[in-house]
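If you read the sequences in order, they're chains A and B. Quick note: the working numbering has the first sequence finishing at residue 1344, numbered continuously throughout. Quick note: the working numbering has the second sequence finishing at residue 385, numbered continuously throughout. Just so you know, even glycine gets a beta-carbon here, dropped at the ideal spot from N, CA and C.
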Amino acid sequence: MLQVQGVDRFFGDHQVLTDVTFNVERGKLTGFVGGNGAGKTTTMRIILGVLGAHGGTVSLDGQVLDGRARRSFGYMPEERGLYPKMKAAEQLAYLARLHGYDRGEANDRARALLERLGLGERADDTLESLSLGNQQRVQIGAALVHDPQVLILDEPFSGLDPMAVEVVLGVLTEHAERGVPVLFSSHQLDVVERLSDRLVIIAGGQIRANGTAEQLRERHGVRRHQIVTAHDAGWVRQVPGVRLVELDGATAVFEGGDQVAQQVLARAIQQDTVLSFGPVHASLSEIFKDIVIDEEPQEEAA
Amino acid sequence: MSTLTTDRTRPPQTTAGPPREAAPVPTGQAALLVAEREITTQVRAKSFIVSLIITLALVVVGIVAGGYFADRVGSPTPVATVAGAGVELEAVEGFEVTTATDMEAAVDLVRDEEVDAAIVPDETAPTGLRVIALSDPPGDVLQALSVQPEVELLDTSTSRGLQVLISAVFGFLFMMFALGSGAMIVQNTVQEKQSRIVEILLSAVPPRALLAGKVLGNTAVAVGQMAVIGAVAVLTLMLTGQDDLLDLLTGPIAWFVVFFLFGFVLVAALFAAGASLVSRQEDTGVVMMPTMMLVMAPYFVVIFLGENALAMSIASYVPFSAPVAMPVRLFMGDAAWWEPILSLGVLALTAAAVIAVAARIYSGSLLRTGPRVSLREALQGF
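This is the structure we're talking about:
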């Protein structure tokens, strides 16, 4: 398990990370979500050791990371960068050799990986001649070619078409299933919700929420109910304590807690036919929006 | 959107061969890998090959043209003799001798301007010879036939003209290669920084290895180019029969190559460290300026102060001008045997010190982006 514990980081006088603490479990894809400037990239660079922390530790299975342990990490930086004039297979083989594979093995690994990423036929093309999406796949390959023990990927899915997302997700899942902790960031919550097993939400340099999607909904989502009746449900808003979220003819979604919901149900049975009634969960995007917006004023005050 | 559904039940597959952990690469080996990449990518670039071919063509044309014009100045004078004249002009350089059957035939050759002069026996003359020419007395023929006293020259050191030429060639080669490769190092370093591949590289190897590999690779490319150009130059000189110049140059050239190697490492480290301070190609000018001045200095020193023995002595010990000034002094026979060794020692120590500092700057600034990193910040690390 990769553990980030109480990490602080300043740029000049400006504190960009405050007590950042979360775990990346083995065998799981952990999504790291936050808006622009929330601190995702800074946190990832600190995990990788390309940036120093001003407080806190990063450890793997209880061992605080040093340069040597980090050599076995796979990293995809936020800004895509490989050598534009080098061939795709050559770049990956070069990186594999830097990680200690001999020439022959490095070549085999590079080609096998490109094949797996759906770029087998473009392996001998220079990077600059590939489309942006394909360059991105090579970039992901660069993070994977040395069979990393930990995977840190900054926005791996941005700019990929749905098919490529599927391929990349497959490859990442394989690595996770082999017990590699995988952390990937995204500013698109729906992507992370769909693709990851666990979520870590960061805003303003602080971890706001952390857990599976289900846990986050339970912990942070406001409980809502939906009722569908035979006739117009406009009367729901007159029930004391109800805050109507959505009304569409005979369907109403409202907030107000279990007590209020019971009253709405009782009245509906009394005056109409109830076709359906039950709780609905707010989507993660809504929770995310709430969490981030709630905390915004604090951030400005800080 | 069915293609988007996640299939987590997919059986595990290995992406690339068996999961075998590779041993971490030692710094030295990593540096060699980096150097190898620098070399192969540069040598394979079309622009590199084209510019090398153009340089080689210029060298060959220059040498051939030089030889041709030298020949023109001393082209042999055609003369005619009569069989039995007893004149051994063949032994004297600079004459093309035609043997005529009799005196009349020899005179006809002069009339037809086939030859500049005819040398025929004349028993009435004190020398036993008569020179027949068309309208002007042929000076070179007369000179060759006259008896000259032995001449002894007290100052046998090489001429000033040749010194200027050799200085200019050494100085120019050093400047050209140092600036060319320097620009390449700067461009590569900033490109790696700008594209952030440096983050991936540094997650695999330490910054020291990256710097060492870059310096090593570019030095190898420059020295390799020098060797090719040198070999072509020597070959052309030999094929055009100008190999007498080679004997004079062998020693100084050997020293020049050794000095060039160390001097180049020094300059390359400076360029790499300077480049690591900036993040964008547009900003490179400011940090490159001081190094470029240092690289151009020896050229102007040997050209303008070449006659000043003291200045040349000092220049031959200053690490930046030594690679040019010391071989020139050796060529002129001005330096004692131990001087190049001492100067080389100074150069090597300076290079080692500069590399140590450069590695520090490189490590401290490579991951910084945005505005230019100040030297002090870079040395303090991040």
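Taking 9 Å as the Cβ-Cβ cut-off, the region 1112-1130 of chain A approaches chain B at R1112, R1113, S1114, F1115, G1116, Y1117, M1118, P1119, E1120, E1121, R1122, G1123, L1124, Y1125, P1126, K1127, M1128, given in chain order. Here the C-alpha atom of G1320 of chain A lies approximately 11 Å from the C-alpha atom of D1300 of chain A.
Around the beta carbon of I344 of chain B, fewer than 16 other beta carbons sit within 10 angstroms, so the residue counts as exposed. Each residue's CA atom was taken as its position, placing G1276 of chain A and Q1312 of chain A some 15 Å apart. Within the region 198-224 of chain B, S198, R199, I200, V201, E202, I203, L204, L205, S206, A207, V208, P209, A212 place their CB atoms closer than 9 Å to a CB of chain A, listed in sequence order.
Using a Cβ-Cβ cut-off of 8 Å, R1240 of chain A does not count as an interface residue toward chain B, since no Cβ of chain B sits closer than that to its own. Taking a C-beta distance under 8 Å as the contact criterion, I306 of chain B and S170 of chain B qualify as a contact pair.
Residues of the region 28-44 of chain B with a C-beta atom less than 7 Å from some C-beta of chain A are V28, A33, L36, R40, T44, listed in chain order. Beta bridge pairing from DSSP links Y1117 of chain A with A:I1194. Where A207 of chain B is concerned, there is no enclosing alpha helix (DSSP H), because DSSP gives it neither an H nor an E. Annotated three-state conformation of N1078 of chain A is coil, per DSSP. In this structure, the straight-line span from the alpha carbon of D1314 of chain A to that of D1332 of chain A is close to 35 Å. Boundaries of the alpha helix (DSSP H) around T353 of chain B: 342-368.
Chain-ordered listing is empty here: chain B has no CB closer than 8 Å to the CB of V1234 of chain A, the nearest sitting near 12 Å. In this structure, B:A354 is the residue among B:A325, B:A354, B:D105, B:V321 with its C-alpha nearest to the C-alpha of F274 of chain B. Counting C-beta pairs with one atom in each stretch, the region 203-218 of chain B and the region 288-304 of chain B have fewer than three that are closer than 8 Å, which means they do not touch. By the 16-neighbour rule on beta-carbons within 10 angstroms, M1128 of chain A is buried. Sequence-distant Cβ neighbours of L350 of chain B in its own chain, meaning closer than 6 Å and more than five residues away, are F265, P322, A325. For H1273 of chain A, no chain B residue has a C-beta closer than 7 Å to its own C-beta; the minimum C-beta separation is roughly 34 Å.
For N1149 of chain A, the enclosing alpha helix (DSSP H) covers residues 1145-1158. For L1090 of chain A, the residues of chain B that pass the 7 Å Cβ criterion are S206, in the order they occur in the chain.
With respect to R211 of chain B, A362 of chain B sits close: the two C-beta atoms are nearer than 8 Å.
Interface annotation, R1285 of chain A: not in contact with chain B, CB-CB separation never under 8 Å.
Annotation: the continuous beta strand (DSSP E) that includes P81 of chain B extends over 80-85. Note that the region 1243-1252 of chain A does not touch the region 1092-1102 of chain A; fewer than 3 beta-carbon pairs, one per stretch, sit closer than 8 Å. L1231 of chain A and N1149 of chain A have their C-alpha atoms spaced approximately 37 Å apart. Pairing A38 of chain B with A186 of chain B gives a Cβ-Cβ distance that is not under 8 Å. Scanning its chain for C-beta atoms nearer than 8 Å, with the 5 sequence neighbours on each side dropped, one finds around T1254 of chain A the residues D1239, R1240, L1241, in chain order. In terms of Cβ geometry, R1279 of chain A and G1298 of chain A do not form a close pair [threshold 8 Å]. Listed along the chain, the chain B residues whose CB falls inside 9 Å of the CB of L1044 of chain A amount to none; the nearest CB is some 15 Å away. For D1050 of chain A, the pairing in a beta bridge is given by DSSP as A:G1097. E99 of chain B sits in a strand when the DSSP states are folded into three classes. Under the Cβ criterion of 8 Å, G1079 of chain A is not counted among the residues facing chain B. Taking the CA atoms as reference points, F1053 of chain A sits about 20 Å from D1196 of chain A.
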